[in-house]
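One line per chain: the protein sequences are R and F, in this order.
Adding 330 to a residue's 1-based position in the first sequence gives its number in the numbering used here.
One point on numbering: in the numbering used here, the residue at position 697 of the second sequence is 684, and numbering is uninterrupted.
Ideal Cβ positions, reconstructed from N, Cα and C, are used throughout, including at glycine.
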Amino acid sequence: MKANVIVFPGSNCDRDVKVALEKFQIQTTMVWHQENEMPKSDLVVLPGGFSYGDYLRCGSMASKSNIMNEVIKHANKGGYLIGICNGFQILTETGLLPGALLRNKKLKFICKYVNLLIENNSTPFTSKYKKNEKIKIPIAHNEGNYFADEKTLNELQNNEQIVLKYCDENLKINDDSNPNGSCLNIAGIINKNKNVIGMMPHPERCVENILGGTDGSGIFQSLLN
Amino acid sequence: MTEVNLDLAVQHGLTSKEYEKIKVLIGRNPNFTELGIFSAMWNEHCSYKSSRVWLGTLPTKNDRVIQGPGENAGVIDIDDGDVAIFKIESHNHPSFIEPYQGAATGVGGILRDVFTMGARPIANLNAIRFGSPDHPKTKHLLNGVVAGIAGYGNCIGVPTVGGEVEFDSCYDGNILVNAMNIGLAKKDKVFYSIASGVGNPVIYVGSKTGRDGIHGASMASQEFDSDSESKKPTVQVGDPFAEKLLLEACLELMQTDTIVSIQDMGAAGLTSSSVEMASKGNIGIELNLNKVPCRETGMTPYEMMLSESQERMLIVLKTGKEKEAEKIFKKWDLDFSVIGILNNSKNLTLKYDNKTVCDIPISALADEAPKYEREWVEIKKPEHTDLEKKLDNINLEQTIKNLLSHPNQADKSWVWEQYDHMVMCDTAQFPGGDAAVIRVHGNNKKAIAASVDCTPRYCNSHPYTGGMQAVCETYRNLCAVGAEPIAITNCLNFGNPEKPEIMGQFVGVIKGMTEACKKLNYPVISGNVSLYNETNGVGINPTPTIGGVGLIKDISKVKSSRFKNKNNNIYIIGETIGHLEQSILCYDLLHLKKGPPPSIDLNDEFKNGEAIRSLINENLIESCHDISSGGLILCLLEMSIASQIGFKLNTNKKLLDRVKFLFGEDQSRYIVEVDDQNKKGFEKKLVDLNVYFENIGKTSEKINIDDDLKFDLQELSKLNKEWFYKYNN
């Protein structure tokens, strides 16, 4: 399997994602944001970080980068596309995924391991997990508060587009287990075609025990299926 | 043209003697720009005029030190052609005036010091100290500083992995923000700041120069008064995004064969960087200020030279390599400008609009900078006090709860969860333990351990012991995770050095540090000094923040401070006498602030540390935690709360002795957890090493002390966790 990781000025999880992909034998190329084309690949990753400093709305500048035309084409052709953290923000800014990511409800950056519920395991990114399984993956963001209007949220639910939800140790989904104020405790969603996923948690940060866990591995293993 | 006279010199922070000396050195009256440059180079912050005499007495060498003090940061050898580069620096004054930007630019500055030398930064640490939580400014300052550290470090993508947070009313008018960074480089790819090669071009790269931070270094060299708010314009504004670009561009440039030397523009900006580079190379430098990229129009030479705008670097390139270098900076959308040339004049010459606006011998600015042997008085160790009567009525149960919920002992996750401590995917031990552990990228076995420590109340009571203790505390923290302590960086925060008692604190701390560094073969390789931490004449507790760095050769053996299993044996290593004066119990909980700090036997410190490391190396222990502020009881409770495993402790002691046993802060001690299988081997090992140890109990379901004090672990965990959340709600 081949992957392209897009590098924007201010991306800072690009290397981390590359290391994780390569750990699962996914051949990875870094692609600079100013490029007009990219190597053929099965998967494109928009990594975490602060593209363009996130001085405007997070991800808005990056969504207008040269390379994004190619990324959108790749997605429209059915190629796999994953946006992690800032990458998720970029995906909502391009319109490839609905909704928006607002500032965390307590207005503070949060970096910690959180419990996630696998809401949908019939996607190419989550097939290695069990439905309703609880996994632990870290989050690290200031703007991860997922928001969409009532109609969009209904659509997401009806089309089984909600993939990951924040929960507690006992799989409870409520305000206490919601770290950032996201609607419906949403941590990750997928498009209708099930080839474009956006998620706030960082799976690349937990693929080795020494880093605190391996629950992120499932995302990469699912892709290899 | 502004007339330069004594009044103006005094306004610039120079004394009349210093002003006279300038006139003698250059043989004429300086012009306005030159006066500004002298004031920038000769202030305390840049010249170390009060501290240099004593800093020179610190040990700075061992087998692993490649570069000691005097460069942008220190360099140590960590085998396999790898080096670690690190430094700590203060940003106290700006953070008090504008906490977010002050702290953010503190992080930005120390990052630049490290990547200037060719290293990729891999870890941020910090030590932040605030006034009493009840002081009206504290909440605002705490929130601003933490957000500023987070804002900068998170954006640039370097994990913030450790540090300390303390509250004490002595910091009401002068908070401390000390930021440390560690980077990794290859031994043959370290870059220095010595300018050389007449005719080589001098390059300005990074962000544009604005009017921010003018006189920042001078501001940091003065006491505060009620008018400190008016100093806001001297605080710089950070742009971590620009720094990220600058970092990547510099590291990319360093892969080419173009650089002669490189230095970041920190305090006193373009002035100190150009003067220091030329001074080290004993060479002249001429700059054309019309070439300096400016953010605003109409900036004068004076403003350009004194601006402390952030995210800028000065580079001497090999002649003819300008195009190659420029391409890299253009790729990263950064300014690149050839602003000058090295010559053999040995002067700093500045041209603006084809006129010479400054022409001063470099040596006058650097070597001839004032150096004072300030008057000092020796501070003796205070006499013991009679504590017994004050402790007979102590309610142990409530005291233990108070200890855990006191802001200085409370769980700090509210702070460090705002810091991205995982980015770069090499953080093997999160904040909250004894030392941070960061893997050497691409190496599956090797790691760096780091810890930042100081116990200012000890330093205030007896500076000599306090200075020694701060060094030992980092040593202990590194040993507790199994690292070989290698070297330290220091950030010496004190009051006004013109007062003999403050200078006495400084001298005492340096002497104590020196003893400890020598005995532990643990030299100082970089650092900074922050003086004049006073407001309206009231100084802070002397606070020599020490950042220790160690090497871990096999990361799989690293021990954390959380208990691993129930029914394991708990041992204390090192002897317990029960020294209570200056303990958290006396100082923070009972407000009894008299008496000496616990003394330290450096032989025991070394021996016990070595013993811990060999126990870890031979896999004889399950967990380890050093005993520090809060004594044995806090140490055990922290191990319990982190693991949710309780302990049964047998002190076999009556009230006063029990208080001493639980809360005493005797030094050089550790708690370790040993399973039954290793018990024999463990005890034999310590007997062989002639190290004192005591079996004090077992890990268990609940917390139980002598069968008469029992605690609910969940309740204690909640008490420990909630202080920061309640305070900041």
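Counting the other Cβ atoms within 10 Å of the Cβ of Ser3(F) gives fewer than 16, which makes it exposed.
In its chain, beyond the 5 residues on either side, Pro280, Cys281, Arg282, Ser296, Asp322 have a beta carbon closer than 8 Å to the beta carbon of Lys195(F).
For Thr461(F), the secondary structure class from DSSP, reduced to helix, strand or coil, is helix. Under the DSSP assignment, Tyr476(R) falls in the beta strand (DSSP E) whose first and last residues are 475 to 477. Contact check for Met455(F) and Ile587(F): beta-carbon distance about 5 Å, within the 8 Å limit, so the pair qualifies.
Residue pairing by DSSP places Ala517(R) opposite no residue, since no beta bridge is assigned to it. Contact between the region 406 to 421 of chain R and the region 372 to 384 of chain R is present: 3 or more CB-CB pairs across the two stretches fall below 8 Å. Against Asp346(R), the close residues of chain F are Val410, Met411, Cys412, in the order they occur along the chain (beta-carbon pairs closer than 8 Å). Cα atoms of Asn552(F) and Asp613(F): separation of roughly 19 Å, rounded to the nearest angstrom. Around Arg535(R), the beta-carbon contacts reaching into chain F at under 7 Å are Met409, Cys412. For Thr125(F), the uninterrupted alpha helix (DSSP H) run begins and ends at 125 to 143, by DSSP. DSSP lists Ala114(F) as the beta-bridge partner residues of Glu151(F). The DSSP assignment places complete alpha helix (DSSP H) segments of no fewer than 4 residues inside the region -2 to 85 of chain F at 3 to 13, 19 to 29, 31 to 34, 39 to 42, 79 to 84, in order along the chain. Excluding its 5 nearest sequence neighbours in each direction, Ile270(F) has C-beta neighbours in its own chain below 6 Å: Ala182, Leu329, listed in chain order. Of the candidates Asp344(R), Ile356(R), Asp498(R), Leu553(R), Leu553(R) places its Cα closest to the Cα of Ser452(R).
Listed in chain order, the beta strand (DSSP E) runs fully inside the region 327 to 362 of chain F are 334 to 339, 342 to 348, counting runs of at least 3 residues.
Ala333(R) is bridged by DSSP to Thr358(R), Leu373(R).
Look at Gln223(F) here: in three-state DSSP terms it is coil, with no helix or strand label.
With a threshold of 8 Å between beta carbons, Lys231(F) makes contact with chain R. Nearest C-alpha to Gly511(R) among Lys458(R), Ala470(R), Gly378(R), Arg433(R): Arg433(R).
For the pair Ile440(R) and Arg656(F), the Cα-to-Cα distance works out to about 35 Å. Between Tyr406(F) and Gly140(F), the gap from beta carbon to beta carbon is short of 8 Å.
Restricting attention to alpha helix (DSSP H) runs no shorter than 4 residues, the region 370 to 434 of chain R encloses them at 397 to 406, 416 to 424, ordered along the chain. The continuous stretches of beta strand (DSSP E) do not include Val646(F), which lies in the alpha helix (DSSP H) extending over residues 642 to 650. Where Asn682(F) is concerned, the enclosing beta strand (DSSP E) starts and stops at 680 to 687. Below the 9 Å Cβ cutoff, chain F contributes Gly144, Val410, Met411, Cys412 as neighbours of Cys343(R), in chain order. Shown here, Ile448(R) sits in a strand according to DSSP, grouped into three states. Boundaries of the alpha helix (DSSP H) harbouring Ala629(F): 618 to 630, taken from the DSSP string. In this structure, the beta-carbon distance from Ala598(F) to Ile658(F) does not fall below 8 Å. For Gly340(R), the nearest CB of chain F lies under 8 Å from its own CB, placing it at the interface with that chain. Taken through DSSP and simplified to helix, strand or coil, Pro487(F) comes out as helix. The beta carbons of Thr245(F) and Lys342(F) sit no closer together than 8 Å. Inter-segment contact for the region 464 to 476 of chain F and the region 412 to 425 of chain F is present: three or more beta-carbon pairs are separated by less than 8 Å.
The Cβ of Cys441(R) sits closer than 8 Å to at least one Cβ of chain F. Between the region 394 to 413 of chain F and the region 463 to 476 of chain R, the count of Cβ pairs shorter than 8 Å is three or higher; the stretches touch. By the Cβ-count criterion, Glu151(F) is buried, with 16 or more other Cβ atoms from all chains shown falling within 10 Å of its own Cβ.
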